[in-house]
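Here is the structure we will look at.
Protein chains: 2
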Amino acid sequence: MNESRETISFAEVDRHPVLSQLPAALKQRAAERARVVRLGRAEPLFQQGDPARWVYLCRSGQLKLFRLSDNGDEKIVNLINAGRSFAEATMFMSERRYPVYCSSLKVSELVAFDAEDLVSTFKTSPELCFQMLGMLSRRLHEKIGQIEALSLQNAQTRIANYLLEELRKMGSASRFELPIGKKYVANFLSVKAETFSRVVAGFEQAGVLTTHARNFTVIDVPALERIASGASPAASC
Amino acid sequence: MNESRETISFAEVDRHPVLSQLPAALKQRAAERARVVRLGRAEPLFQQGDPARWVYLCRSGQLKLFRLSDNGDEKIVNLINAGRSFAEATMFMSERRYPVYCSSLKVSELVAFDAEDLVSTFKTSPELCFQMLGMLSRRLHEKIGQIEALSLQNAQTRIANYLLEELRKMGSASRFELPIGKKYVANFLSVKAETFSRVVAGFEQAGVLTTHARNFTVIDVPALERIASGASPAASC
DNA sequence: GGCTAGAATTGATTTGCGACAATATGTTTT
DNA sequence: AAAACATATTGTCGCAAATCAATTCTAGCC
């Protein structure tokens, strides 16, 4: 990990989904106390249980937030792309420690904001607090959605839903690229890589989509939507 | 559902984990705009998607927060007991709607606070916002824990962990009572009632605990802890 | 370019848990 | 107290997905 004293530009703070709302003076202050962190291809950033001195903004690259089981199995709870901030929730806990592990998946560049200092900034501004409350609420509902998916849906359905979501992010195009290796996507969806592979192969065979490496082209969106809401595709042929 | 105009006492607000922090005047105001809601044994309180006009405090009884799949399967995402507040996160969403269903499991008494009004109260007080940020952060981490458990642990391990947690809540006693029917506990843990029954029977046979109806007595805590962290108990005999 | 390591696919086999079914036990109602 | 119903237990069976294993594909790297 390479932590540098290099200055963050004022404008850089604007990329942060919450801190962009700061008045100019406080934006300046946050920028001054920030650090740039550069990570290689598969470097740890912090461990679960570490004191949470910093909250982060991903400027470029990709990261995974994950937990480890007693037997060393890993569960990715979030994939972080450029533009996402993370670890803010730690600021408001009585014991400020990271509740997950974090490692890079690609060469990445992060901005690290001083948690302690941000807390005092937040204390001065209910508007800012509201931004943050909104963000945490959204994340909470996102997690509830994941829990529902894990309990109520099978592998096929979860994967179909994920693909549809990626598709939606691309606007009206019918083509998209996985943000990251299938291995990691599979783990995020709580299926084994082999299962992911088989399910996607099944979709291809049913004529729902085609793939070349990480590029997916959805041919039959309604069919994918039908699968995503419970119907069986291979069975119908 | 029986909604009454009956007055909430000033002191009643003190039972709320966040609103108890309010200055007297605002506490008074919150109390004045609150309602008491009484529910029978299995009555719905709100549906997923309903406009979230109220946030709640459970004064007595028991409730379930749940989602429904397309084929009607239900997943309980939270069991609410006396003293717990819920649905606060809706206050900070852009579209204020309940993200889950809510029904009573027993005869229950709730206090309903006016969401709109509370929002304006929160806007005046960063301290209050911080209380709420803390609460949402804790909930978020709780959910991350649930997701981890669902992905990384099997039924036995999840159940063992749950039982240990219930035990811990009772302090140093080795006896506790399930807060609610096993059916609901099982659903909350994302196992079928039959599986829950079998796993508990297994624990009894291994001499880890004994049960009479909803009363559990843990005989061998270390053994249960071993199971909770991945070891197999029945296999070891 | 070819070389090497990790990622991805495909196949064969196992298994944990759900589905279904049949009692048994407990709880509310009259 | 008996009836009527919900909850809980126990048994058998089947299947979705994990595991194990063997290639094949792909992307960095010298």
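Note that the protein sequences, when read in sequence, are chains B and G. The opening residue of the first sequence carries number 4 in the working numbering; numbering runs sequentially from there. The opening residue of the second sequence carries number 4 in the working numbering; numbering runs sequentially from there. Idealized CB from N, CA, C, for every residue including glycine.
Paired residues, beta bridge with Ile79/B - DSSP:
Phe69/B
Return the residues of the region 59 to 73 of chain G that lie within a Cβ-Cβ distance of less than 8 Å from chain B, sorted by chain order.
Arg70, Ser72, Asp73
Along the region 146 to 158 of chain B, what residues have a CB closer than 9 Å to any CB found in chain G?
Lys146, Ile147, Gly148, Gln149, Ile150, Glu151, Leu153, Ser154, Leu155, Gln156
With DSSP collapsed to three states, give me the class of Arg87/G.
coil
So is Ser239/B in contact with chain G if we call contact Cβ pairs under 9 Å?
Residue confidence is low: Ser239/B scores 38 on pLDDT, short of 50, so the model does not pin down where it sits. No coordinate-derived value is stated.
Neighbour-count burial assignment, His19/G, 16 or more Cβ in a 10 Å radius
buried
What are the residues in the region 101 to 119 of chain B lying within 9 Å of chain G by C-beta distance?
Pro102, Val103
Applying the 10 Å Cβ sphere with the 16-neighbour rule, what's the burial state of Gln50/G?
exposed
Own chain residues within Cβ distance below 6 Å of Asn245/G, not counting five before or after:
A query on residue 245/G cannot be resolved here, the shown segment of chain G reaching from 4 to 240 and no further.
Distance, Cα to Cα, Asp223/G vs Thr127/B?
51 Å
Asp120/G: first and last residue of the uninterrupted alpha helix (DSSP H) it sits in
118 to 125
Counting only beta-carbon atoms, is Phe179/G nearer than 9 Å to chain B?
no
Cβ of Lys126/B within 9 Å of any chain G Cβ
yes
Residue-chain proximity (Val224/G, chain B), Cβ-Cβ < 9 Å:
no
Taking only the alpha-carbon atoms, compute the straight-line gap between Met58/G and Asn164/G and give it to the nearest angstrom.
Reading off the sequence shown, one finds Val at residue 58/G, where the question assumed Met. Rounded to whole angstroms, Val58/G to Asn164/G spans 30 Å at the Cα level.
So that I know if they touch, is there some Cβ in chain B lying closer than 9 Å to that of Pro129/G?
yes
Rounded to whole angstroms, what is the Cα-Cα separation between Asp17/B and Lys172/B?
22 Å
Would you call the region 109 to 116 of chain G in contact with the region 25 to 42 of chain G, where contact means no fewer than 3 C-beta pairs closer than 8 Å?
yes
Same chain, Cβ closer than 6 Å to Phe89/B, five either side skipped, listed in chain order
Tyr59, Ile83
Delimiting residues of the alpha helix (DSSP H) encompassing Thr214/G:
Here Thr214/G belongs to no alpha helix (DSSP H); instead the beta strand (DSSP E) covers 212 to 215.
Tell me the DSSP secondary structure of Pro129/B in three-state form.
helix
Taking Cβ-Cβ distances below 8 Å as the criterion, which residues of the region 204 to 235 of chain G are in contact with chain B?
Ser232, Gly233
Just to confirm, is the Cβ distance from Leu155/G to Arg70/B under 9 Å?
yes
Residue range of the beta strand (DSSP E) that Leu22/B falls in?
Taken as a continuous stretch (DSSP letters only), Leu22/B belongs to no beta strand (DSSP E), as it is neither H nor E.
Taking only beta-carbon atoms, is Leu143/B less than 9 Å away from chain G?
yes
Please list, in chain order, the chain G residues whose beta carbon lies closer than 7 Å to that of Ala33/B.
Within 7 Å Cβ-Cβ: nothing; Ala33/B doesn't reach chain G, min ~17 Å.
Please list, in chain order, the chain G residues whose beta carbon lies closer than 9 Å to that of Gly137/B.
Phe95, Met96, Ser97
Checking 9 Å against the spacing of the C-beta atoms, do Gln24/B and Glu119/B come in under that value?
no
Distance cutoff 9 Å, beta carbons only. Does Lys78/B sit that close to anything in chain G?
yes
For Met94/B versus Leu192/G, is the C-beta spacing smaller than 9 Å?
no
Between Ala92/B and chain G, is any beta-carbon pair separated by less than 9 Å?
yes
Amino acids of chain G, ordered along the chain, whose beta-carbon sits closer than 9 Å to that of Phe133/B
Phe95, Val122, Phe125, Lys126, Cys132
Using a Cβ-Cβ distance cut-off of 9 Å, determine whether Ser1/B contacts chain G.
Not covered by the structure: residue 1/B. The range shown for chain B is 4 to 240.
6 Å CB neighbourhood of Val194/B in its chain, flanking five on each side removed
Ala158
Spell out the partners DSSP gives Ser107/G in its beta bridges.
Leu66/G
Since Glu207/G and Thr214/G are thought to touch, with beta carbons under 8 Å apart, how far apart are those beta carbons, to the nearest angstrom?
7 Å
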